[in-house]
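**Q** Every position in the sequence shown, counted from 1, becomes a number in this note's numbering once 9 is added.
Cβ coordinates follow ideal geometry from the N, Cα and C atoms, glycine included.
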Amino acid sequence: MLHYALVFLVIAIIAALFGFTGIAGTAAGIAKILFIIFLILAVIAFFRRAS
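1. What is the DSSP secondary structure of F27, reduced to helix, strand or coil?
2. Within 10 angstroms of the Cβ of A14, are there 16 or more other Cβ atoms? Answer buried if so, exposed if not.
3. In angstroms, rounded to a whole number, what distance separates the CA positions of G31 and A54?
4. Kindly give me the distance between the Cβ atoms of F17 and A51, rounded to whole angstroms, as I take these residues to be in contact under 8 Å.
This is the structure in structure tokens:
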């Protein structure tokens, strides 16, 4: 999941450099959502192993 977040982040950066602001904004939003989901799942996994 973290891999996909980084891929969308790179797509957003490249799109922003070429001036595609709509695509850049969408890709950045997707990357942000995927990263938040990754963090939530990582915290859940951490607490499941700790107990």
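**A** From the atom records:
1. Counting from one through the sequence shown, the residue named residue 27 turns up at place 18. Correct three-state label for F27: coil.
2. Sequence index remark: in the sequence shown, residue 14 carries index 5 (1-based). Per the 10 Å Cβ criterion, buried.
3. As a working mapping, residue 31 is identified with position 22 in the sequence shown. As a working mapping, residue 54 is identified with position 45 in the sequence shown. Inter-residue distance for G31 and A54 is about 35 Å (C-alpha atoms, whole angstroms).
4. Taking the sequence shown and counting its residues from 1, one reaches residue 17 at position 8. Taking the sequence shown and counting its residues from 1, one reaches residue 51 at position 42. Wrong, their Cβ atoms sit about 18 Å apart, outside the cutoff.
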